[in-house]
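Worksheet for the structure shown next.
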Amino acid sequence: MTRGTSGDFSRQAMQYIPRLRRYARALTGDASAADDLVQDALERALLKQDLWREGSDLRAWLFTVMHNVFVNQVRSAAASRTVPLESSLEDLPQPQAGDRLEIRDLDAALQRLPAEQRTVLLLVGLEQMTYEEAARVLDVPAGTVMSRLSRGRERLRRLLQGLPDSSAPLKVVK
Amino acid sequence: MSEIPVTESELQAHVDGRLPAGRAAEVEAWLAQHPEDAQRITAYRRQDAALRAAFDPLLAEALPPRLHPGVRKRTGLLRRYAAVAALMAISGFAGWQLHALVAAERAQSQHLARVAAVAHAVYSPEVRHPVEVGADQEAHLVRWLSKRLGVGLKVPHLAGLGYSLVGGRLLPGERGPAAQFMYQDVKGQRLTLYVRTTVEARAPTAFRYAQENGVSVFYWLDGRLGYALSGETGREELLRVADAVYRQINP
Numbered sequence: 012m013t014r015g016t017s018g019d020f021s022r023q024a025m026q027y028i029p030r031l032r033r034y035a036r037a038l039t040g041d042a043s044a045a046d047d048l049v050q051d052a053l054e055r056a057l058l059k060q061d062l063w064r065e066g067s068d069l070r071a072w073l074f075t076v077m078h079n080v081f082v083n084q085v086r087s088a089a090a091s092r093t094v095p096l097e098s099s100l101e102d103l104p105q106p107q108a109g110d111r112l113e114i115r116d117l118d119a120a121l122q123r124l125p126a127e128q129r130t131v132l133l134l135v136g137l138e139q140m141t142y143e144e145a146a147r148v149l150d151v152p153a154g155t156v157m158s159r160l161s162r163g164r165e166r167l168r169r170l171l172q173g174l175p176d177s178s179a180p181l182k183v184v185k
Numbered sequence: 391m392s393e394i395p396v397t398e399s400e401l402q403a404h405v406d407g408r409l410p411a412g413r414a415a416e417v418e419a420w421l422a423q424h425p426e427d428a429q430r431i432t433a434y435r436r437q438d439a440a441l442r443a444a445f446d447p448l449l450a451e452a453l454p455p456r457l458h459p460g461v462r463k464r465t466g467l468l469r470r471y472a473a474v475a476a477l478m479a480i481s482g483f484a485g486w487q488l489h490a491l492v493a494a495e496r497a498q499s500q501h502l503a504r505v506a507a508v509a510h511a512v513y514s515p516e517v518r519h520p521v522e523v524g525a526d527q528e529a530h531l532v533r534w535l536s537k538r539l540g541v542g543l544k545v546p547h548l549a550g551l552g553y554s555l556v557g558g559r560l561l562p563g564e565r566g567p568a569a570q571f572m573y574q575d576v577k578g579q580r581l582t583l584y585v586r587t588t589v590e591a592r593a594p595t596a597f598r599y600a601q602e603n604g605v606s607v608f609y610w611l612d613g614r615l616g617y618a619l620s621g622e623t624g625r626e627e628l629l630r631v632a633d634a635v636y637r638q639i640n641p
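Protein chains in written order, with this note's numbering: chain A, 12 to 185; chain B, 391 to 641.
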């Protein structure tokens, strides 16, 4: 690999860093954890850049790399039990009036979604990926993307509106 | 009216605007008969809008140094960046030798070029939301951004050079609000003009040129404002437009 193509890769990757940060911030709920995640993902992407095919979608590839780093982090956090996966019910913020609180509520509610629903909801709703793109990034079938999206959106709605979290399977609309 | 079956997946796709137009109209009609689902769909759309309102400001934020290539990494130095880091150390030394005032001013305007280039790279490829206020509301756009920056702005007209105004948006800058105006030519090639206030008013500086990650930028300070014109065009073309922008602002 020549120095020239490596520089090209960095330059092209550079333009997606703000988008990776936006997604990571919403995903982790914490500014410095988000930048850690982006930094780890970029380092990994640079090391593995030979695996990226020139001309293919670099944004999707970078998000895939970052997703894999994220999954590994969640897995090791779960293994060492340093991070509670389910926060207790008392942590649930009460719905409040006012924009500033709404943003904090949104952040808190997002963190209460299972990671698999949160990733789909953010890739589609925030990053505006197509379902096929999200499926490729997450390495799951398109049908799984749809069901996680549907469950994630409904759960987030209930959290934000202070409704009881329905654990019953989503009703099929006929 | 006979019921058209609508699946949950179709409802989700409707939230995301990804249904074919004909089917979207049928789903709309179906929702009119199913108010509970209609409420749910409205709530999902609000969620997406709230997500963007909460997290989009990050797109325009200057990157923290540790996310810039060429910076020492937390976990070991990447070999391919060693040469760049060495170069930065040398140029840092040269900068130290310059008169402090010149150095500070240069740092300020180089930062201007960098944030303008990042804002260009982020928003110019945007298909659905390239600007917040479109050129059809130009008077409102100018009033709004002038008010937020606290200084009377002028929007240059570049139609004579083949670029029409798309519109503009408000961005968070280091010391307060900044503005971005977007232009495009008939081929869809986009230029952006980034404007922000400076610490103190001053006589116009010369145009300076920078390349940031494939984006060319001409930038200058003038009075209370710093300007940066960015595009993925050639240097000559961009200079021609920068010159026109400068002349219109200083007739």
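C-beta atoms are modelled at their ideal positions from N, C-alpha and C, and glycine is treated no differently. Bear in mind the structure is a predicted one, so any value in this text is a computation, not a measurement.
Output yes or no for whether 9 Å exceeds the beta carbon distance between B:H572 and B:L560. It is worth fixing the name first, because residue 572 of chain B is Met in this sequence and not His. No, the pair does not count as a contact, with Cβ atoms beyond the cut-off.
Considering just the uninterrupted stretch of the beta strand (DSSP E) at B:V605, what are its terminal residues? Here the beta strand (DSSP E) through B:V605 covers 605-621.
Closer than 9 Å to chain A by CB, B:L441: By the rule that beta-carbons nearer than 9 Å mark a contact, B:L441 touches chain A.
By how many angstroms is the C-alpha of A:V135 removed from the C-alpha of A:T141? 7 Å
List the residues of chain A whose Cβ lies closer than 7 Å to the Cβ of B:F445, in chain order. R33, R36, A37, L137
Residue interval of the alpha helix (DSSP H) (run including A:Q172): From DSSP, the alpha helix (DSSP H) with A:Q172 extends over 153-172.
Going along the chain, which residues of its own chain have a beta-carbon closer than 6 Å to the beta-carbon of B:H510, five neighbours each way excluded? For B:H510, the CB contacts under 6 Å within the same chain, skipping 5 residues up- and downstream, are T582, V605, S620 in chain order.
Would you say A:P152 lies against chain B (beta-carbon separation less than 9 Å)? no
Within-9 Å CB hit, B:S620 to chain A: no
Note down, in chain order, every chain A residue with its Cβ under 8 Å from the Cβ of B:R456. Chain A residues near B:R456: D46, Q50.
Contact list for the segment 596-622 of chain B against chain A, Cβ threshold 7 Å: N603, G604
Near-chain B residues of the segment 145-175 of chain A - C-beta to any C-beta below 9 Å: G154, M157, S158, L160, S161, R164, E165, L167, R168, L171, Q172
List the DSSP bridge partners of B:H523. Residue identity check: residue 523 of chain B is Val in the sequence provided, not His. Its beta-bridge partners are B:G558.
Let me confirm a value: A:D116 is counted as buried when at least 16 other C-beta atoms fall within 10 Å, else exposed. Which label applies? buried
By the 10 Å Cβ neighbour count, where 16 or more other Cβ atoms means buried, how is A:L58 classified, buried or exposed? exposed
Cβ shell of B:V396 (< 7 Å), same chain only, five flanking positions each side left out: V417, W420
I'd like to know whether the C-beta atoms of A:R30 and B:V576 end up nearer to each other than 9 Å. no
Residue-chain proximity (A:L53, chain B), Cβ-Cβ < 9 Å: yes
State yes or no: is the C-beta of B:G563 within less than 9 Å of the C-beta of B:G540? Taking C-beta atoms as the reference points, B:G563 and B:G540 fail to come closer than 9 Å.
I'd like to know whether the C-beta atoms of A:L38 and A:L53 end up nearer to each other than 9 Å. no
Helix, strand or coil: how does DSSP classify B:Y553 here? coil
Could you name the residues that DSSP lists as bridge partners for B:M572? B:G557, B:T582
Buried versus exposed, by CB contacts within 10 Å (16 or more), B:H530: Label assigned to B:H530: exposed.
Name the chain B residues whose beta carbon is nearer than 9 Å to that of A:Q26? V508, A511, V512, P515, N603, G604, V605
Closer than 7 Å, Cβ to Cβ, to anything on chain A: give me those residues from the segment 627-638 of chain B, in chain order. Correct list: empty, as no residue qualifies.
Would you mind working out which of B:T587, B:E622, B:E627 sits nearest B:W610, comparing C-alpha positions? B:T587
Are the segment 629-637 of chain B and the segment 545-557 of chain B touching by the rule of at least three beta carbon pairs closer than 8 Å? Yes, since at least three Cβ pairs between the segment 629-637 of chain B and the segment 545-557 of chain B fall closer than 8 Å, the two stretches touch.
Where do the ends of the beta strand (DSSP E) carrying B:A440 lie? Counting along the chain, B:A440 falls outside any beta strand (DSSP E), though it belongs to the alpha helix (DSSP H) covering 425-445.
Note down, in chain order, each residue of its chain lying with its Cβ closer than 6 Å to the Cβ of B:L502, except the 5 sequence neighbours on either side. Y609, G616, A618
Run through DSSP, which three-state label would B:V347 get? Only positions 391 to 641 of chain B appear in the structure, and residue 347 of chain B is not among them; the question remains open.
When you compare only the Cα positions, how much space is there between A:S158 and A:V85? 21 Å
Closest Cβ-Cβ distance between B:D438 and chain A: below 9 Å? yes
Test: A:Q122 CB closer than 9 Å to a CB of chain B: no
Check whether the Cβ atoms of A:R36 and B:L457 lie closer than 9 Å to each other. no
Counting only Cβ pairs nearer than 8 Å, list the residues of chain B close to A:L69. What A:L69 touches in chain B: nothing, since even the nearest Cβ is about 12 Å away.
For B:E602, which beta-bridge partners are listed by DSSP? B:V605
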